[in-house]
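Numbering (our numbering), first residue to last: 1 to 112.
Note that beta-carbon positions come from the ideal geometry of N, C-alpha and C, so glycine has one too.
Keep in mind the model is a prediction, meaning the values are calculated, not measured.
To keep things clear, I will list the structure first and then write my remarks on it.
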């Protein structure tokens, strides 16, 4: 699976999903993200980085996969606020949001 922006640029070509309560709770704890990887938590409107090894970027999407909030360079041992209207979160390597010029209001497309 891959994630791309509306302009056709791919953000990630390796996706792992957190769809159950256990996989969402475990998330990226103890893991490192490759530069072209993403972890998608669904359903989700708030994240934490407890027990994580490194900073991450978090992109919060609504039901239409439109970006409603971005949390860049979130360090370990933090928690985000609850994001109204967010239904899933794409966790990316730190710096990916800036590198790919990801903006609030854009739509992301998840392809198989």
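Element boundaries [beta strand (DSSP E), containing residue i]
{"i": "residue 7", "result": "From DSSP, residue 7 is part of no beta strand (DSSP E); its letter is neither H nor E."}
Whole-angstrom C-beta distance between residue j and residue i, which should lie under 8 Å
{"i": "residue 46", "j": "residue 11", "result": "Rounded, the Cβ-Cβ distance is 21 Å, inconsistent with contact."}
{"i": "residue 72", "j": "residue 57", "result": "5 Å"}
{"i": "residue 6", "j": "residue 112", "result": "Contact doesn't hold; Cβ gap of about 18 Å is too wide."}
{"i": "residue 59", "j": "residue 92", "result": "7 Å"}
{"i": "residue 1", "j": "residue 110", "result": "6 Å"}
Three-state secondary structure (DSSP) of residue i
{"i": "residue 17", "result": "strand"}
{"i": "residue 25", "result": "helix"}
{"i": "residue 55", "result": "coil"}
{"i": "residue 67", "result": "strand"}
{"i": "residue 93", "result": "strand"}
{"i": "residue 38", "result": "strand"}
{"i": "residue 44", "result": "coil"}
{"i": "residue 62", "result": "coil"}
{"i": "residue 108", "result": "strand"}
{"i": "residue 73", "result": "strand"}
{"i": "residue 79", "result": "strand"}
Boundaries of the alpha helix (DSSP H) in which residue i is found, first to last residue
{"i": "residue 99", "result": "96-99"}
Distance CB(residue i)-CB(residue j) smaller than 8 Å
{"i": "residue 80", "j": "residue 54", "result": "no"}
{"i": "residue 9", "j": "residue 40", "result": "no"}
{"i": "residue 38", "j": "residue 3", "result": "yes"}
{"i": "residue 29", "j": "residue 51", "result": "yes"}
{"i": "residue 86", "j": "residue 68", "result": "yes"}
{"i": "residue 49", "j": "residue 74", "result": "yes"}
Does the pairing of the stretch 12-30 with the stretch 58-73 give three or more beta-carbon distances under 8 Å?
no
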